[in-house]
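Colleague: Sharing a structure with you now.
Protein chains: 2
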Amino acid sequence: MQSAELASLAGVTVRTLRHYHQIGILPEPERAANGYRRYGVHDLIRVLKIRRLIAVGVPLEETPRLLDEPLAGGSLEADALLDRLEAELMSQEVRIAAQRAVIRRLRGESGAPDIPPELGRFLRAISGIAPSREMERIDRDQTVLLAHLVGESGLPQLVGFLERLSAPDVLPTLTDVASRFYHLGQHTSEAQLDEFVEDLVTSLDPVLRSLAEEDFALDLSNATSLLAEYSATTLAPMQQRALAKIGERLDTSSEN
Amino acid sequence: MQSAELASLAGVTVRTLRHYHQIGILPEPERAANGYRRYGVHDLIRVLKIRRLIAVGVPLEETPRLLDEPLAGGSLEADALLDRLEAELMSQEVRIAAQRAVIRRLRGESGAPDIPPELGRFLRAISGIAPSREMERIDRDQTVLLAHLVGESGLPQLVGFLERLSAPDVLPTLTDVASRFYHLGQHTSEAQLDEFVEDLVTSLDPVLRSLAEEDFALDLSNATSLLAEYSATTLAPMQQRALAKIGERLDTSSEN
DNA sequence: TTTGACCCCGACGCAACGTCATGGTTTGGA
DNA sequence: TCCAAACCATGACGTTGCGTCGGGGTCAAA
Numbered sequence: 001m002q003s004a005e006l007a008s009l010a011g012v013t014v015r016t017l018r019h020y021h022q023i024g025i026l027p028e029p030e031r032a033a034n035g036y037r038r039y040g041v042h043d044l045i046r047v048l049k050i051r052r053l054i055a056v057g058v059p060l061e062e063t064p065r066l067l068d069e070p071l072a073g074g075s076l077e078a079d080a081l082l083d084r085l086e087a088e089l090m091s092q093e094v095r096i097a098a099q100r101a102v103i104r105r106l107r108g109e110s111g112a113p114d115i116p117p118e119l120g121r122f123l124r125a126i127s128g129i130a131p132s133r134e135m136e137r138i139d140r141d142q143t144v145l146l147a148h149l150v151g152e153s154g155l156p157q158l159v160g161f162l163e164r165l166s167a168p169d170v171l172p173t174l175t176d177v178a179s180r181f182y183h184l185g186q187h188t189s190e191a192q193l194d195e196f197v198e199d200l201v202t203s204l205d206p207v208l209r210s211l212a213e214e215d216f217a218l219d220l221s222n223a224t225s226l227l228a229e230y231s232a233t234t235l236a237p238m239q240q241r242a243l244a245k246i247g248e249r250l251d252t253s254s255e256n
Numbered sequence: 001m002q003s004a005e006l007a008s009l010a011g012v013t014v015r016t017l018r019h020y021h022q023i024g025i026l027p028e029p030e031r032a033a034n035g036y037r038r039y040g041v042h043d044l045i046r047v048l049k050i051r052r053l054i055a056v057g058v059p060l061e062e063t064p065r066l067l068d069e070p071l072a073g074g075s076l077e078a079d080a081l082l083d084r085l086e087a088e089l090m091s092q093e094v095r096i097a098a099q100r101a102v103i104r105r106l107r108g109e110s111g112a113p114d115i116p117p118e119l120g121r122f123l124r125a126i127s128g129i130a131p132s133r134e135m136e137r138i139d140r141d142q143t144v145l146l147a148h149l150v151g152e153s154g155l156p157q158l159v160g161f162l163e164r165l166s167a168p169d170v171l172p173t174l175t176d177v178a179s180r181f182y183h184l185g186q187h188t189s190e191a192q193l194d195e196f197v198e199d200l201v202t203s204l205d206p207v208l209r210s211l212a213e214e215d216f217a218l219d220l221s222n223a224t225s226l227l228a229e230y231s232a233t234t235l236a237p238m239q240q241r242a243l244a245k246i247g248e249r250l251d252t253s254s255e256n
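Going down the list, the protein sequences come from chains A and B.
When the letters of the first sequence are read in order and numbered with UniProt numbering, they come out as residues 1 to 256.
When the letters of the second sequence are read in order and numbered with UniProt numbering, they come out as residues 1 to 256.
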């Protein structure tokens, strides 16, 4: 037999045989006068065994241990091996299941694949009123950031928070406020800015208070600098001023 | 932010950031006077998005396509992407299920991991009478070879064949014959050899005939040379002679 | 004698980083 | 004030199981 014949008999490629020679798990056979390798049936058997082992997940380098001395109390070692292999498979299955869960939820929410699936529907609820794709992107970026900063444990809280904000009784107010926020810009007068802040606080403050009472407390204390940096680098100056004023108002009103 | 800070915030290693720079999916930020990279919150967001994508199975190189233009009719592309990802996961699950099935059967049969699990119990049935580990190994090797040569489609046939041979009414005869075959050697006289062949044919011929009638026809025609080579290189001369004689006897007796 | 179809060896490529090796910078504490 | 610890940087090799060139000999049939 020469290489191609052995390869086709064993169901592998010639390159595979060469690889097995290189890493030393398949002994080099004798050569013919022209330098060609001449394989025998024992080489075929060896390759077949190797393939059986990799089929159950054994790494190539470990195959010699199992092939060259499978007799000496092999049962124990074999059991341990099977345990290791199955543990590996189980962990892979867990990973795959998690990935599929995410994919399914992404499908259900029809969201982009780079946002947390739990928040997709809230984003969709607001995306309609964003006046530009740029604004949409900003919302999404901020969502990604927030979702990560609150951590896995904070995610349900965040979801509850957004659920409250997108409830039928609040949503119209919210979209109105958001739309006005989007359109803040250089053309906005000082009076208009103050009016916006006033409207926002009076319309949303009750909701925020009720949320605070319901223990929806998200701890973002060690993330404020990041969020501040985000605003500073992405929002229009007028929008930043609005945020600052809102912050002041909420601080003073919560001191009561 | 410098590297370590961004890395810990994003839940990755510094090396990972460097890798993302190298393959161009994360833009190099500006440097401080000392050459250190100075990251901003947008870099953090970018890394977080990348991590979300790889978490669902997107290869790193494809992330820019999804991150830099997720808005233009993205829904279609996103759906196709999810389809691809899920298909990939499904194929992995199939592979894993197959591997686990093999492992489970190996556990059940408690066989070595390099033999087909379906044949493990037959091997065990004979392994007890093999007079040496060498003989055991030969049996196992031959089994591996045979199982591969008959192919996936032939395996059930082979199993049926062996089932018949290891049925309670035949097994004692078989073990007796096998044991005598194992012990053939230089010390065996010509008369003893002939006697063995005779005994074997008379005791097993009926079984073989009944199997032949039941359509247990295994086509090994294009494998005879391999099997012959195997015998020639592993069996004792006397054992080879026995096989040859058995072959002759069966040929002539089947001509009837 | 010219194709194909074999054979050989050597070496790079892949995916997503881990892990040195080597050297500069900054900072808090003895 | 000086040192150790903890940052930062670049560069390069290692991992897994082969696929895929590139360059060059060998052997059969046409």
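Ideal placement from N, C-alpha and C gives every residue a C-beta, glycine not left out.
Is the CB of Thr234/B under 9 Å away from at least one CB in chain A?
Modeller: Within the second sequence, numbered from 1, the residue matching residue 234/B stands at position 234. Closer than 9 Å to some Cβ of chain A, the Cβ of Thr234/B qualifies, so yes.
Colleague: Use the C-beta contact count for Ile23/A: other C-beta atoms within 10 angstroms, 16 or more gives buried, fewer gives exposed.
Modeller: As a working mapping, residue 23/A is identified with position 23 in the first sequence. Result: exposed.
Colleague: Check whether the Cβ atoms of Gly111/A and Arg51/A sit closer than 9 Å, and answer yes or no.
Modeller: Within the first sequence, the letter at position 111 stands for residue 111/A. Within the first sequence, the letter at position 51 stands for residue 51/A. Their beta carbons are not under 9 Å apart, which means Gly111/A does not touch Arg51/A by this criterion.
Colleague: Quick one: measure Cβ to Cβ for Gln92/A and Ile138/B, integer angstroms, because I've assumed they're closer than 8 Å.
Modeller: Indexing the first sequence from 1 puts residue 92/A at position 92. Indexing the second sequence from 1 puts residue 138/B at position 138. In this structure Gln92/A is not in contact with Ile138/B, their Cβ atoms being roughly 36 Å apart against a cut-off of 8 Å.
Colleague: Please report how far the alpha carbon of Ala7/A lies from the alpha carbon of His183/B, in whole angstroms.
Modeller: As a first step, residue 7/A must be located in the first sequence, where it is residue number 7. As a first step, residue 183/B must be located in the second sequence, where it is residue number 183. When rounded, the distance between both Cα atoms is 35 Å.
Colleague: To which residues does DSSP link Arg37/A through a beta bridge?
Modeller: Counting from 1 along the first sequence, the entry for residue 37/A is found at position 37. Arg31/A.
Colleague: Between Asp176/B and chain A, is there a C-beta pair that is closer than 9 Å?
Modeller: Numbered from its first residue, the second sequence carries residue 176/B at position 176. False, the Cβ-Cβ gap to chain A never drops below 9 Å.
Colleague: Give me the residue from Gln240/B, Leu165/B, Asp43/B, Thr143/B with the minimum Cα distance to Gln142/A.
Modeller: Numbered from 1 along the first sequence, position 142 holds the residue referred to as residue 142/A. When each option's Cα is compared against that of Gln142/A, the closest is Asp43/B.
Colleague: If you drop the 5 nearest sequence neighbours on each side, which residues of the same chain put their C-beta closer than 7 Å to that of Ile115/B?
Modeller: Looking up residue 115/B in the second sequence gives position 115. Answer for Ile115/B: Leu123, Arg140, Thr143, Val144, listed in chain order.
Colleague: With a CB to CB cut of under 7 Å and the five nearest residues on each side skipped, what residues in its chain are close to Thr234/A?
Modeller: Numbered from its first residue, the first sequence carries residue 234/A at position 234. The answer, listed in chain order, is Ile138.
Colleague: Thinking C-alpha only, which one of Arg180/A, Val150/A, Ala130/A is nearest Leu243/A?
Modeller: As a first step, residue 243/A is located in the first sequence; it is residue number 243 there, counting from the start. Closest by alpha carbon: Arg180/A.
Colleague: So, is Leu158/A buried or exposed, given that buried needs 16 or more other C-beta atoms within 10 angstroms?
Modeller: On the first sequence, position 158 is the one that residue 158/A refers to. By the neighbour-count rule (16 or more Cβ atoms within 10 Å), Leu158/A is buried.
Colleague: What's the gap between the Cα of Glu109/A and the Cα of Glu77/A?
Modeller: Within the first sequence, the letter at position 109 stands for residue 109/A. Within the first sequence, the letter at position 77 stands for residue 77/A. When rounded, the distance between both Cα atoms is 48 Å.
Colleague: Which of helix, strand or coil does DSSP assign to Ala112/A?
Modeller: Residue mapping note: residue 112/A aligns to position 112 of the first sequence, counting from 1. In this structure, Ala112/A counts as coil in the three-state DSSP scheme.
Colleague: In or out: Pro113/A buried (at least 16 other Cβ within 10 Å) or exposed?
Modeller: For the purposes of this step, residue 113/A is taken as the residue at position 113 of the first sequence. So Pro113/A counts as buried.
Colleague: Would you say Arg38/B and Pro29/B are within 9 Å of each other, going by their C-beta atoms?
Modeller: Indexing the second sequence from 1 puts residue 38/B at position 38. Indexing the second sequence from 1 puts residue 29/B at position 29. Yes. Within cutoff.
Colleague: Using 8 Å as the threshold, is the segment 186-195 of chain A in touch with the segment 205-220 of chain A, meaning 3 or more CB pairs across them?
Modeller: no
Colleague: Which of the three DSSP states is assigned to Pro237/B in this structure?
Modeller: Translated into positions along the second sequence, residue 237/B becomes position 237. In the structure shown, Pro237/B sits in a helix (DSSP, three-state: H, G or I).
Colleague: Establish whether the CB of Arg100/B and some CB of chain A are separated by less than 9 Å.
Modeller: Taking the second sequence and counting its residues from 1, one reaches residue 100/B at position 100. Taking Cβ atoms only, chain A reaches closer than 9 Å to Arg100/B, which makes this a yes.
Colleague: Assuming the contact rule is C-beta atoms closer than 8 Å, Ser203/B and Thr173/B should be a hit. Round their C-beta distance to whole Å, please.
Modeller: Sequence index remark: in the second sequence, residue 203/B carries index 203 (1-based). Sequence index remark: in the second sequence, residue 173/B carries index 173 (1-based). That pair is a contact at about 5 Å.
Colleague: So the alpha helix (DSSP H) Asp2/A belongs to, where does it begin and stop?
Modeller: Locating residue 2/A in the first sequence gives position 2, where the first residue counts as 1. In the sequence on display, residue 2/A carries Gln and not Asp. No alpha helix (DSSP H) contains Gln2/A, which DSSP labels as neither H nor E.
Colleague: Beta-carbon within less than 7 Å of Pro117/B's beta-carbon, same chain only, minus the 5 sequence neighbours each way: which residues are those?
Modeller: As a working note, residue 117/B is residue 117 in the second sequence. Once the five neighbours on either side are set aside, the close Cβ partners of Pro117/B are Val102, Arg105, Leu106, Glu109, Gly111.
Colleague: Return the first residue and the last residue of the alpha helix (DSSP H) that Val159/A is part of.
Modeller: Reading the first sequence from its first residue, position 159 is the one you call residue 159/A. Note, Val159/A: alpha helix (DSSP H), 133-165.
Colleague: Give me, in chain order, the residues of the same chain whose beta-carbon lies closer than 7 Å to that of Leu9/B; leave out the 5 immediate sequence neighbours on both sides.
Modeller: Walking along the second sequence from the start, residue 9/B turns up at place 9. Cβ within range, chain order: Leu44.
Colleague: Under 9 Å Cβ-Cβ, which residues of chain B neighbour Arg107/A?
Modeller: Here residue 107/A is taken as the residue at index 107 of the first sequence, counted from 1. Those within 9 Å of Arg107/A in chain B are Asp79, Leu82, Glu86.
Colleague: For Gln92/A, which residues in chain B fall below 8 Å Cβ to Cβ?
Modeller: In the first sequence, residue 92/A corresponds to position 92, counting from 1. Going along chain B in sequence order, the residues near Gln92/A (Cβ under 8 Å) are Gln92, Ile96.
Colleague: Which residues in the same chain as Pro131/B place their Cβ atom closer than 7 Å to its Cβ, once the five residues preceding and following it in sequence are excluded?
Modeller: Sequence index remark: in the second sequence, residue 131/B carries index 131 (1-based). The residues Tyr182, His183, in chain order, have a CB closer than 7 Å to that of Pro131/B in the same chain once the five nearest residues on each side in sequence are set aside.
Colleague: CB-CB under 7 Å to residue 259/A, same chain, minus the five flanking residues each way: which ones, in chain order?
Modeller: Outside the displayed span of chain A (1 to 256) sits residue 259/A, for which this structure offers no information.
Colleague: To the nearest angstrom, report how far apart Arg100/A and Ala87/B are at their CA atoms.
Modeller: Taking the first residue of the first sequence as 1, we reach residue 100/A at position 100. Taking the first residue of the second sequence as 1, we reach residue 87/B at position 87. Approximately 10 Å between the Cα atoms of the pair.
Colleague: On the CB-based measure, 16 or more other CB atoms within 10 Å of its CB, does Arg46/B come out buried or exposed?
Modeller: Position 46 of the second sequence, counted from the first residue, corresponds to residue 46/B. Arg46/B comes out buried.
Colleague: Output the distance between the C-alpha atoms of Arg15/A and Tyr36/A, rounded to the nearest integer angstrom.
Modeller: In the first sequence, the residue the question calls residue 15/A occupies position 15. In the first sequence, the residue the question calls residue 36/A occupies position 36. Cα-Cα distance, rounded: 14 Å.
Colleague: Return helix, strand or coil for Ser203/A, following the three-state DSSP convention.
Modeller: Here residue 203/A is taken as the residue at index 203 of the first sequence, counted from 1. Residue state, collapsed to three classes: helix.
Colleague: Just the C-alpha distance for Ala228/A and Gly154/A, rounded to the nearest angstrom, thanks.
Modeller: Residue mapping note: residue 228/A aligns to position 228 of the first sequence, counting from 1. Residue mapping note: residue 154/A aligns to position 154 of the first sequence, counting from 1. Taking the straight line from one Cα to the other gives about 20 Å.
Colleague: Count the other CB atoms, across all protein chains shown, that sit within 10 Å of the CB of Thr63/B; report buried if there are 16 or more and exposed otherwise.
Modeller: As a position in the second sequence, residue 63/B is number 63, starting the count at 1. Counting Cβ neighbours within 10 Å, Thr63/B comes out buried, since at least 16 surround it.
Colleague: Could you tell me whether any Cβ in chain B is nearer than 9 Å to the Cβ of Ala212/A?
Modeller: The count along the first sequence starts at 1 and reaches residue 212/A at position 212. Ala212/A does not count as touching chain B.
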